[in-house]
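Below is one structure, written out as structure tokens; comments come after it.
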Amino acid sequence: MTSLDTGLSRADAQNAAREVRKRKVQAFLFVVPLLVFVVLAFVAPIATMLYRSVHNPTVANLVPETLAALSDWSGETLPDDAVLTQFAVDLKRMANDRTSGQIADEINRALPGMSSVVKATARSLRRVDDADLATNGAALLLAANDRWAEPDTWRALKAAGRVYTADYYLTSVDLEHTAGGGIVQRDTQIYKKLYVKTLRMALIITLLTILLGYPLAFYMAHASDGLANFLMVFVLLPFWTSLLVRTTAWIALLQTNGVVNSTLMATGITDAPIEMLYTEFSTIIAMTHILLPFMVLPLYAVMRGIDSSFMRAAISMGSRPLGAWYKIYLPMSLPGLSAGALLVFIISVGYYITPALVGGTDGQMISNIIAFHMRESNNWELAAALGSLLLLLILLLYWLFDRFVGTDNIKLG
Amino acid sequence: MKRFPAYYTFRHIAGHYGLRLFAFLVLIFLMLPILVIMPLSFNAEPFFTFTDGMLALDPDAYSTRWYQEFADDPNWRLAIWNSFAIGIASALIATTLGTLAAVGLSSPWMPYKRLITALLLSPMIVPLIIIAAGMFFFYTRFNLVGTYPGLIIAHAALGVPFVIITVTATLSGFDRSLFIAGLSLGARPVKVFWDVVIPLIRPGVISGGLFAFVTSFDEVVLVLFLAGPEQRTIPRQMFSGLREQINPTILAVATLLVVLSAALLFTLEALRRRSVRMGGSG
Numbered sequence: 101m102t103s104l105d106t107g108l109s110r111a112d113a114q115n116a117a118r119e120v121r122k123r124k125v126q127a128f129l130f131v132v133p134l135l136v137f138v139v140l141a142f143v144a145p146i147a148t149m150l151y152r153s154v155h156n157p158t159v160a161n162l163v164p165e166t167l168a169a170l171s172d173w174s175g176e177t178l179p180d181d182a183v184l185t186q187f188a189v190d191l192k193r194m195a196n197d198r199t200s201g202q203i204a205d206e207i208n209r210a211l212p213g214m215s216s217v218v219k220a221t222a223r224s225l226r227r228v229d230d231a232d233l234a235t236n237g238a239a240l241l242l243a244a245n246d247r248w249a250e251p252d253t254w255r256a257l258k259a260a261g262r263v264y265t266a267d268y269y270l271t272s273v274d275l276e277h278t279a280g281g282g283i284v285q286r287d288t289q290i291y292k293k294l295y296v297k298t299l300r301m302a303l304i305i306t307l308l309t310i311l312l313g314y315p316l317a318f319y320m321a322h323a324s325d326g327l328a329n330f331l332m333v334f335v336l337l338p339f340w341t342s343l344l345v346r347t348t349a350w351i352a353l354l355q356t357n358g359v360v361n362s363t364l365m366a367t368g369i370t371d372a373p374i375e376m377l378y379t380e381f382s383t384i385i386a387m388t389h390i391l392l393p394f395m396v397l398p399l400y401a402v403m404r405g406i407d408s409s410f411m412r413a414a415i416s417m418g419s420r421p422l423g424a425w426y427k428i429y430l431p432m433s434l435p436g437l438s439a440g441a442l443l444v445f446i447i448s449v450g451y452y453i454t455p456a457l458v459g460g461t462d463g464q465m466i467s468n469i470i471a472f473h474m475r476e477s478n479n480w481e482l483a484a485a486l487g488s489l490l491l492l493l494i495l496l497l498y499w500l501f502d503r504f505v506g507t508d509n510i511k512l513g
Numbered sequence: 111m112k113r114f115p116a117y118y119t120f121r122h123i124a125g126h127y128g129l130r131l132f133a134f135l136v137l138i139f140l141m142l143p144i145l146v147i148m149p150l151s152f153n154a155e156p157f158f159t160f161t162d163g164m165l166a167l168d169p170d171a172y173s174t175r176w177y178q179e180f181a182d183d184p185n186w187r188l189a190i191w192n193s194f195a196i197g198i199a200s201a202l203i204a205t206t207l208g209t210l211a212a213v214g215l216s217s218p219w220m221p222y223k224r225l226i227t228a229l230l231l232s233p234m235i236v237p238l239i240i241i242a243a244g245m246f247f248f249y250t251r252f253n254l255v256g257t258y259p260g261l262i263i264a265h266a267a268l269g270v271p272f273v274i275i276t277v278t279a280t281l282s283g284f285d286r287s288l289f290i291a292g293l294s295l296g297a298r299p300v301k302v303f304w305d306v307v308i309p310l311i312r313p314g315v316i317s318g319g320l321f322a323f324v325t326s327f328d329e330v331v332l333v334l335f336l337a338g339p340e341q342r343t344i345p346r347q348m349f350s351g352l353r354e355q356i357n358p359t360i361l362a363v364a365t366l367l368v369v370l371s372a373a374l375l376f377t378l379e380a381l382r383r384r385s386v387r388m389g390g391s392g
């Protein structure tokens, strides 16, 4: 086969290639400012969180000398007096710097119950003078509390002192190290249950939005243009209304003396108010309300493009309406359905505000425990590990979404 | 009375009306919570519920005291100022950078288009709590936590995907030969961009900017983590109000916000229609 004679010389081809390169660079230059911005403002923070989940230098920064002395220790018996003395000196310094609370928290995470021991010992060592401490540190430490005589305590300190650790991931799936170095289930199972609960709630919310959203979208998609546009306002107005406003509304509706209970009591359905707010039920119903437009909008967009005469043809030939819907309409509306379902599911898995406000203790989701560790228990590394797992879950869902639905289906308004 | 095809049986017709009834019930479910808070915000009593007087339509049971309280409270005034300042500043950053990027992304020559688009849209997918935690760790190092720039940068990053989506949609209907025509007549690319491209894609840019503004205006998770007391926004103020001392001032604010979102909705709808008229996909 001979090559096509395009009439292009080698020089022409090179010119063309240069022109293409130039245009590529030109297009890319338009994107560069935003790319730099997003990398610095968004990607770097996420990367920091991922790093934080395996990196905790707090203890290593507080007691570097003690940890260096502990590095040769076998772990079976009590460490040398030199190690103990060094730690006593460190502890006094931290008591004076007001950092002893930090190390107490960190050791406590490795060995529960140590927080008060560390704090009490730090208080008692504050009064000892430096010279005495440098010679009798070990004895003073052992005298302050019996637990300093246990190898377990020092193993906990050594474990807390590791700068890089996967322990937070173990904790976030309810596992822990044993003294012997094995990995076992924790006594209290918290996080696995919470992940399962979060997924279960997200699934219920998704099913409810399908149940409510599909018929509505179907009705609107095959109504006249004028009616459809008019009804669309009632979907878009809640969609555009602040999340806080909608959550406030549900608090007003569901509280003990709220609108729903007053109505139920006035109509005689119940005699006493039903406790609905601050439960899993209130979280699910408020989130269903908030996320329903995310289901209706993609469904409506897809259904609008389906010719309803297919359904009419099937019915005219004797099919039952549900049969015609199942065999003909459902497969055609599936792209909208899966787009809406995955969108709602992904959003609800990571939801924070509504469960925090109407969920009570019962309706808390994984995001709420992450916020708890960030803001209240100050266990930032555990928050980061839980967050990383959640991120992995979301990316997995998103990958499925992209693979089966395609991200081009995402549209606004 | 609507006419049905001759082959419709009674059950078909019942099904039709059943569907219509169900659709209207769902619409009521969507709207009712928003409508209920409006009369409640005129409650004369400090409750979140209808009093007997209100149900009897007694004018004394209604008052505008919670609106007065809202207007007089310096905390709420600061929150309003903050919400608008942070919203506008972050929307401006997101819209400027986002529009430029959208122009590059819709070029047929753009390298790594899928990868870069996915990266730029990712703030929309990642849960806010994760973004908040990550930003808290990262921004602390640059002393950006508890400052206006920190919050503005954070909200701008959240607004970026919306600008990209709306502007690329408008650009899909943009005739690239206009750009080339401008160049061929001797104008520099920047001049063509300002004088030809921008006027044509303006509806998309404005609605992208509005989306970015609303995203910031409505956002509370990042504010919880990154803002100091000086940067309290309206949603942040509502959040603490709902957690600490529930009183109908929040309902008054909520009512005003519903009115504001209705105004925004109609603006966006008008822009979308204009954009569709001008050949974009809206």
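As given, the protein sequences belong to chains X and P, one line each in that order.
Per the working numbering, the first sequence starts with residue 101, numbered consecutively.
Per the working numbering, the second sequence starts with residue 111, numbered consecutively.
Even glycine gets a Cβ: it sits at the ideal position worked out from N, Cα and C.
I'd like to check one pair, V444/X with L391/X: are the Cβ atoms closer than 7 Å? yes
Please state the DSSP three-state secondary structure of H322/X. coil
At what residues does the beta strand (DSSP E) containing V155/X begin and finish? Sequence check: residue 155/X is His here, not Val. From DSSP, H155/X is part of no beta strand (DSSP E); its letter is neither H nor E.
Roughly how many angstroms lie between the CA atoms of M365/X and L377/X, to the nearest whole one? 16 Å
Using a C-beta to C-beta distance shorter than 7 Å, which residues of chain P count as neighbours of Q355/X? F158
Would you kindly work out how many angstroms separate the C-alpha atoms of A266/X and A222/X, rounded to a whole number? 29 Å
V136/X: buried (16+ other C-beta within 10 angstroms of its C-beta) or exposed? exposed
Rounded separation between V368/P and V345/X - CA only: 8 Å
At what residues does the beta strand (DSSP E) containing E276/X begin and finish? 275–277
Using a Cβ-Cβ distance cut-off of 7 Å, determine whether M111/P contacts chain X. Note that M111/P scores 49 on pLDDT, short of 50, meaning its location in the model is unreliable; the coordinates nonetheless yield the value given after this. Not an interface residue.
I304/X, DSSP secondary structure in three states: helix
Under 7 Å between beta-carbons, which chain X residues line up against M164/P? List them in chain order, please. What M164/P touches in chain X: nothing, since even the nearest Cβ is about 11 Å away.
Beta carbon proximity, T271/X to chain P, threshold 7 Å: no
Using a beta-carbon distance below 7 Å, is Y177/P in contact with chain X? no
Residues of the segment 329–340 of chain X with a CB closer than 7 Å to any CB of chain P: list them in chain order, please. L331, F334, V335, L336, L337, P338, W340
Pairwise C-alpha distance: A181/P and P435/X: 48 Å
Residues of its chain near T102/X, where Cβ-Cβ distance is below 6 Å and the 5 sequence neighbours each way are ignored: Note that T102/X scores a pLDDT of 49, beneath 50, so its modelled location is shaky; the value from the coordinates is reported in the next line. Excluding positions up to five away in sequence, the list is empty.
Could you check the C-alpha separation between A249/X and A238/X for me, to the nearest Å? 10 Å
Assigned secondary structure, N245/X (DSSP; H/G/I helix, E/B strand, else coil): coil
Proximal chain X residues relative to L288/P, where beta-carbon distance stays under 8 Å: Those within 8 Å of L288/P in chain X number zero; the least Cβ separation is about 16 Å.
Does the structure place the segment 205–218 of chain P close enough to the segment 168–187 of chain P that three or more beta carbon pairs sit under 8 Å? no
Could you give the distance in angstroms between the alpha-carbon of L231/P and the alpha-carbon of N196/X? 49 Å
If you draw a straight line from the C-alpha of A111/X to the C-alpha of V125/X, how long is it? 21 Å
Chain X beta carbons: is any one of them nearer than 7 Å to that of A211/P? yes
Quick one: grab the DSSP three-state call for Q464/X. coil
Excluding the 5 residues preceding and the 5 following D274/X in the sequence, name in chain order all residues of the same chain whose CB lies nearer than 6 Å to its CB. R286, Q289, Y291, K292
What is the DSSP secondary structure of I283/X, counted as helix, strand or coil? strand
Proximal chain C residues relative to K124/X, where beta-carbon distance stays under 9 Å: No chain C is part of this structure, whose protein chains are labelled X and P.
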